[in-house]
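Residue numbers (the working numbering), protein chains in the order written: chain A, 1 to 114; chain B, 115 to 226.
Glycine is no exception: its CB is placed at the ideal position from the N, C-alpha and C atoms.
Shown next, in structure tokens, is the structure this report addresses.
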């Protein structure tokens, strides 16, 4: 069975500092990996995805993530935090066999300190 | 712009009074999903339609039903809402299974 672990339910960074949100997955087959962002009282917006190919993927709003198979990780980074990045971030995984469900991590709330 | 639309954005219903939430999409996607999201939690999949094929999650209560009359629309029916059903309900679509999902803005349901 597949699962997702997001380390740190709350992360605080100063404006302009590096953002690092951690995601580790468990899957017996190659996964598809996603990062979503959710602003208060809004739906989820896709930031980026990894399916196959290049392991460093770039997304919207200056975010990127690197798929590291050996570490079963897909951490999300942004070089310089902006106030508008404050939101809830969800890592998610799906696999190409069996049920096509998207398995979400428990989320990380990012606070940006001015 | 192609998008996923949910109506209403906020819904208040009384304990035990049936309520229907609506989702429409202009993406022409084959798959439509309904999620329940409670405060500070990840979305929980209730069910999804792959075209007309309905797929219910094993732990979705019978109180929750869904209809998909055509490609564009999907409805979530809660037959007898309880206080524990108060949550954000998210509709999502994807072109096909395993592709990224596109979410609507959600409907926040309050049960009084």
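Check	Outcome
Any beta-carbon of chain B closer than 8 Å to the one on residue 59 of chain A?	no
For a contact meaning CB atoms closer than 7 Å, what does residue 172 of chain B contact in chain A?	Those do not exist, as residue 172 of chain B stays about 10 Å from chain A at its closest Cβ, beyond 7 Å.
Going along chain A in order, which residues have a C-beta closer than 7 Å to the C-beta of residue 212 of chain B?	32, 94, 96, 100
So residue 217 of chain B contacts chain A; which residues on that side make the cut at Cβ distance below 9 Å?	36, 38, 42, 43, 44, 45, 46
State the start and end residues of the unbroken beta strand (DSSP E) segment that holds residue 57 of chain A.	56-58
Starting from the C-beta of residue 191 of chain B, find all residues in its chain whose C-beta is less than 6 Å away, skip the five residues before and the five after it, and write them out in chain order.	134, 179
By the criterion of Cβ-Cβ separation under 7 Å, what are the contact partners of residue 201 of chain B in chain A?	Here the premise fails: no neighbours, minimum Cβ distance about 13 Å.
Kindly indicate if chain A contains any beta-carbon less than 8 Å away from that of residue 183 of chain B.	no
Take residue 226 of chain B and list the residues in its own chain whose beta-carbon comes closer than 8 Å to its own, dropping the five residues that flank it on each side.	126, 127, 128, 129
Could you please give the first and the last residue of the uninterrupted beta strand (DSSP E) stretch that includes residue 117 of chain B?	Segment: none, residue 117 of chain B is in no beta strand (DSSP E) and carries neither H nor E.
What residue range is occupied by the uninterrupted beta strand (DSSP E) comprising residue 29 of chain A?	No beta strand (DSSP E) holds residue 29 of chain A; DSSP gives it neither H nor E.
Secondary structure at residue 70 of chain A, three-state DSSP: helix, strand or coil?	helix
Can you give me the Cβ contacts of residue 109 of chain A inside the same chain, cut-off strictly under 6 Å, excluding the 5 residues immediately before and after it?	10, 88
Considering just the uninterrupted stretch of the beta strand (DSSP E) at residue 305 of chain B, what are its terminal residues?	Since the displayed chain B opens at 115 and closes at 226, residue 305 of chain B lies outside it and no answer follows.
For a contact defined as C-beta to C-beta under 9 Å, what are the partners of residue 222 of chain B on chain A?	41
If you draw a straight line from the alpha carbon of residue 123 of chain B to that of residue 189 of chain B, how long is it in whole angstroms?	14 Å
In this structure, how does DSSP classify residue 197 of chain B when only helix, strand and coil are distinguished?	helix
Might you give, ordered along the chain, the residues of its own chain that have their beta carbon closer than 6 Å to the beta carbon of residue 157 of chain B, omitting 5 neighbours on each side?	149, 151, 204
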